[in-house]
Structures are given as C-alpha cells and as structure tokens.
Amino acid sequence: MTTTYHTVGIGAGPANLSLAAMYDVLAPHEIALFEANDRPGWHDGMLHSGVRMQTGWVKDLVSLYDPTHPLSFLNYLVTTGRVYALLGAGFDTIPRIEYHQYLSWAAGQLPNITYGTPVDRVDFDGVLVSRSGGEVVARSQHLVIGTGTVPYRPDFLGALDPRAVVVADHLHQRLAAVPDEPDLPWIVIGSGQTSAECVAALLGRGFRDIRWIGRRSWFAPLEDSPSANDLYRPAYQQAFLNLSREVRERLVSGQILTSDGISPGTLRGVYQHNYEERLRTGRFPVTIMPSRTVTGARQLGAEVELECLTAGSGTEHHRAAYVVVAAGRRQAPLPFDDELSALVDFDERGDLVIEPDYSIRWKHADDHKIFVLNRGRYVQGLVDSNLSILPVRSAMVLNAIAGRAVCAVRDDFLSTQWA
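First residue of the sequence shown: 26, per this note's numbering; consecutive thereafter.
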C-alpha cells in the first residue's frame with residue numbers, strides 16, 4: 026500500500042535535508058524524501074584532496090534558525106569526537122569531504138529517506154502522486170523539488186570519443202583509470218571554482234601539460250567581503266523580492282562573483298604550483314587562457330582538437346588527450362506529467378512563475394503547494410542556489426505550508442539600508 030505523506034521531497038541534497046531536519050516544527054515524521062542516488066552524498070565526484078567549502082561551517086542545515094538543533098554541524102563534530110581535531114587544524118573553511126560526511130551523518134538520523142529511487146514523474150489526482158519507473162512511491166498534499174542542477178555539456182562535444190571527455194563531476198573517479206604519464210596533455214574548460222579545482226587535481230596527479238580555457242576575461246576570485254556577504258542575509262533577500270524583474274536580473278549579473286568566483290586559496294595554489302614548477306623544470310605546467318570561447322571540437326585519432334574564438338575575434342585550435350568540462354550547470358528537468366504541466370503557470374519566457382515563498386503558481390496551489398528550490402535566481406537572488414542560508418529557505422517553505430509563521434527568522438543587526 027502506498028503511503029500518503031504531508032509533504033514529499035524529491036532529492037535528498039542539502040536543501041531538502043535542511044527542510045526535513047526542521048519539519049518537526051510542523052508535522053513530525055510527515056515528510057519523505059526520495060533520492061536517485063543509492064546512498065547519501067554530495068558531489069561525490071568532486072571530493073578532491075585539499076578542496077575547501079566556500080561557506081563557513083555555521084551555515085549548515087539548521088544553525089541559522091536553531092543552533093541547538095541536534096543536526097547542527099557543531100553537534101556533528103562533538104558527537105563524532107572530532108571537534109578538537111578540527112579546531113586544532115586551523116581551517117579557514119572546512120574541507121568539502123567534511124561537509125559531505127556531515128550531510129551523510131545528518132541523513133542517517135532522519136526518517137523516511139529512500140535511496141535509489143528517482144522520482145521521474147509527478148501527476149495529480151486530488152493529491153500529488155510521485156512515481157519512479159511507473160510505480161507509485163508516495164502520495165502527498167505538498168511537494169518540494171530539490172533535485173539540484175546537472176552539469177552543462179556543450180552539444181559539439183557529442184562528436185568526440187566519450188573516453189576523452191570528462192565531466193568535472195566525474196573527474197575524481199576517472200583519474201583512477203588514467204595512466205600516470207606526466208606529459209599527457211589536458212584541457213580544462215571553465216572559468217569558475219569547479220574548473221580551478223579540476224586544474225588543481227590534475228596538478229596533484231603530476232600532470233604538467235594543462236591548458237585552462239575560460240570565457241571570462243580573467244579567472245576571477247570569489248568576492249567574499251563583508252559588503253558582499255550582506256547579499257546573503259534575510260534582510261537583503263526581502264529587499265530583493267520587492268524589485269522588478271528587470272532590476273533583479275541586472276543586480277544578479279553584477280553580483281555574480283559573490284557566488285561563482287574562485288576561492289582565492291584555490292587560485293593562489295594553482296599559481297604557486299605553476300611558479301615552483303617553472304623554477305624546477307623550466308616550464309609552466311598550466312597555461313592559463315582566459316577570454317576564449319570554445320565553439321567546436323573534433324576527434325583526431327587519439328587526440329581531441331578544440332576550436333576557440335578569442336576576445337579579439339581570432340580563432341585558435343588546441344589539442345589534448347583529455348578534455349575536462351567544467352562549464353557551468355543547468356536545471357534538471359521537471360518531473361511533471363503533461364496533465365500536471367498544463368495546470369502550471371509559466372511566464373512569457375517559458376519559466377515557472379515562482380512566488381516569494383518558493384512555491385510555484387498553479388491551479389491547485391491553495392491546497393497543494395509545489396515548491397521548487399534552486400530554480401529562482403531572478404526571484405530570490407543568488408542566495409537561491411547558495412548554501413549560505415538553507416535554514417532560512419526551509420523556514421519560508423514551512424511557513425508557507427502552515428499558512429502562518431511557525432518558524433521565525435531574525436536579522437536585526439543590519440547597518441546597510443537597501444534601496
């Protein structure tokens with residue numbers, strides 16, 4: 026018999042784990058999560074040695090709402106016996122593998138998480154029906170879609186030998202099968218943190234013929250100043266919601282490096298490694314190539330050749346044995362069936378109409394809310410796809426489901442006055 030829940034969450038990543046952790050304030054044990062992967066995890070293929078988080082550890086699943094919650098990161102450190110070791114190690118930000126293990130620990134203490142069950146279809150028959158492979162796995166009054174994003178892979182790479190193309194999310198596993206040949210040529214495509222981590226991982230394996238190609242005019246660092254961090258506070262989120270779509274789009278474009286820039290430590294590590302190897306061997310292992318857009322690719326025997334358009338409108342060609350793609354991410358497809366999609370409102374751009382509380386506008390929204398997480402950058406701002414205030418987002422969702430303020434969010438000490 027299929028179980029009916031108050032709320033079903035599709036995906037068991039940080040966003041839905043935060044919501045499930047806080048759901049007790051509304052209806053204990055009445056939320057179920059369904060995850061496509063067969064075990065807890067978070068970007069498993071990007072757990073390279075030395076990689077750090079870009080957010081502080083206090084920005085965990087629950088602490089910004091309730092620091093006494095048993096699933097706080099601090100409680101994780103204490104109950105696993107590692108708090109003194111972590112403090113003594115003096116990390117500025119925690120290792121990504123630590124955050125990965127924290128999420129696994131938290132998931133292990135939450136009820137009603139089912140792994141290896143991708144929800145690929147949702148329909149409506151008076152309640153929301155979630156299906157996996159044609160089988161009904163749950164029925165619910167409300168639905169939260171937290172499936173995250175998928176790596177963007179340009180179409181022109183489809184003509185290449187799949188063994189030569191490595192999506193950044195899989196580099197960690199793929200490196201295990203690559204021969205230890207230091208002069209094996211690599212190309213990394215991308216301008217952000219993921220591409221920088223891939224370059225660092227290749228350097229860590231001893232490769233010394235790496236070309237790092239990016240569209241930006243320089244490999245820009247993360248903007249992490251106090252003023253930048255004001256953009257990731259509830260007070261700014263509320264101010265942002267009151268602006269027109271046109272203004273929000275302009276602001277997001279201008280603020281992008283507060284979210285998508287490269288951690289200065291990662292960038293510094295690449296440059297320092299490059300410098301030391303130049304002293305030691307007489308050549309730089311990484312050729313840094315900004316202001317280039319990859320426009321085409323072809324397979325030439327055992328090598329790949331990429332065509333690049335430069336900022337000066339010139340054309341270049343670069344060859345390598347392997348190409349690592351770290352060129353951004355795209356939204357995962359929505360699992361709505363045709364009949365449910367017909368009940369959903371879309372704007373003139375074809376985008377979902379997303380309300381300030383993360384719910385979408387659809388015919389039965391008064392009684393059956395559907396929330397979408399990490400799909401409203403131009404509604405909520407850059408914070409929508411960021412880990413900084415997960416508990417605040419969860420509180421907004423819970424308040425919307427309850428129809429009243431069951432979770433209070435306070436942000437009182439603010440010296441910035443937003444226009």
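Where a beta carbon is used, it is the ideal one built from N, C-alpha and C, also for glycine.
Every value quoted in this text rests on a predicted model; they were computed, and no experiment measured them.
*Just grab the DSSP bridge partners of Gly34 for me.*
DSSP, once it has assigned bridges, lists Leu58, Val169 as partnering Gly34.
*asked:* So, under 8 Å CB-CB, Ser171 and Leu377 are touching, yes? Tell me the CB distance rounded to an integer number of Å.
replied: It should be noted that the sequence gives Gly, not Ser, for residue 171. Contact doesn't hold; Cβ gap of about 14 Å is too wide.
*Environment of Gln198 [buried if 16+ CB atoms lie within 10 Å]*: Exposed, by the Cβ-count rule.
*With a Cβ-Cβ cutoff of 8 Å, do Asp194 and Met71 count as a contact?*
yes
*Out of Ala226, Ile212, Gly406, state which residue places its alpha-carbon closest to the alpha-carbon of Ala201.*
Ala226
*Give the straight-line distance between the Cα atoms of Ala357 and Arg305, rounded to the nearest whole angstrom.*
45 Å
*In three-state terms, what does DSSP make of Phe98?*
helix
_Span of the alpha helix (DSSP H) around Tyr261_ = Looking at the DSSP string, the run of the alpha helix (DSSP H) that includes Tyr261 is 259 to 266.
*By DSSP, does Thr291 sit in helix, in strand, or in coil?*
helix
*Unbroken beta strand (DSSP E) run spanning Met314, endpoints*: 311 to 314
*What do you reckon, are the CB atoms on Val162 and Phe98 nearer than 8 Å?*
no
*Please work out which residues of its chain come closer than 6 Å, Cβ to Cβ, to Ala61, disregarding the five sequence neighbours upstream and downstream, and give them in chain order.*
Excluding sequence neighbours, Ala61 sits near Pro143.
*By Cβ distance below 8 Å, which residues in the same chain neighbour Ala336 in space, the five residues on each side in sequence not counted?*
Ser242, Ser316, Arg317
*asked:* Just to check my reading of the structure: Val408 and Gln218 have Cβ atoms closer than 8 Å, yes? What is that Cβ distance to the nearest angstrom?
replied: In fact, because the Cβ distance is near 17 Å, the residues do not count as touching under 8 Å.
*Three-state secondary structure (DSSP) at Pro131?*
Here the sequence assigns Ala to residue 131, which means Pro is not the residue at that position. The answer is helix: DSSP assigns Ala131 an H, G or I state.
*Thinking C-alpha only, which one of Leu228, Thr93, Ala57 is nearest Ser74?*
Leu228
*Reference Gly353; option with closest CA among Val103, Val192, Leu44*: Comparing alpha carbon positions, the residue from Val103, Val192, Leu44 closest to Gly353 is Val192.
*Spatial distance of Ala132 from Leu359 (CA atoms)*: Going by the C-alpha atoms only, they are around 24 Å apart.
*Run through DSSP, which three-state label would Glu222 get?*
Looking at Glu222 - three-state DSSP - the assignment turns out to be helix.
*Which runs of the alpha helix (DSSP H) fall wholly inside the segment 377 to 441 and span at least 4 residues, in chain order?*
402 to 405, 415 to 427
*Please confirm if the segment 371 to 386 is in contact with the segment 243 to 256, defined as three or more CB-CB distances below 8 Å between the two stretches.*
no
*N-terminal and C-terminal residue of the beta strand (DSSP E) that Gly273 is part of*: A small fix is needed here, since residue 273 is Arg in this sequence, not Gly. Counting along the chain, no beta strand (DSSP E) covers Arg273; the unbroken alpha helix (DSSP H) around it starts and ends at 270 to 280.
*Please go through the same chain and pick out, in chain order, the residues whose beta-carbon is closer than 6 Å to the beta-carbon of Pro289, but skip the five residues on each side of it.*
Only Pro246 meet the Cβ criterion.
_Cβ-based burial, Ser366 [other Cβ within 10 Å; buried from 16]_ = exposed
*Should His54 be labelled buried (16 or more other beta-carbon atoms within 10 Å of its own) or exposed?*
Label assigned to His54: exposed.
*Per DSSP, Val161 is paired with what?*
Arg156
_Is it buried or exposed, Pro95, if we count other Cβ atoms within 10 angstroms and call 16 or more buried?_
exposed
_To the nearest angstrom, how far is the alpha carbon of Val422 from that of Ser384?_
8 Å
*Using beta-carbon positions only, say whether Thr28 and Val152 come within less than 8 Å of one another.*
no
*Within its chain, find whatever has a CB closer than 7 Å to the CB of Ala433; leave out the 5 residues flanking it on each side and keep chain order.*
none
*Shortest alpha-carbon distance to Trp443 belongs to which of Ala264, Leu325, Thr139?*
Residue nearest to Trp443 within the set Ala264, Leu325, Thr139 is Ala264 (criterion: CA-CA distance).
*DSSP three-state assignment for Gln198, whether helix, strand or coil*: If DSSP states are grouped into helix, strand and coil, Gln198 belongs with the helices.
*With a CB to CB cut of under 6 Å and the five nearest residues on each side skipped, what residues in its chain are close to Gly231?*
Pro207
_What would DSSP say about Asp145, mapped onto helix, strand or coil?_
coil
*Pick helix, strand or coil for Phe361, following the three-state DSSP scheme.*
strand
*Boundaries (first-last residue) of the beta strand (DSSP E) holding Trp319*: Reading off the sequence shown, one finds Val at residue 319, where the question assumed Trp. Val319 -> beta strand (DSSP E) spans 317 to 325.
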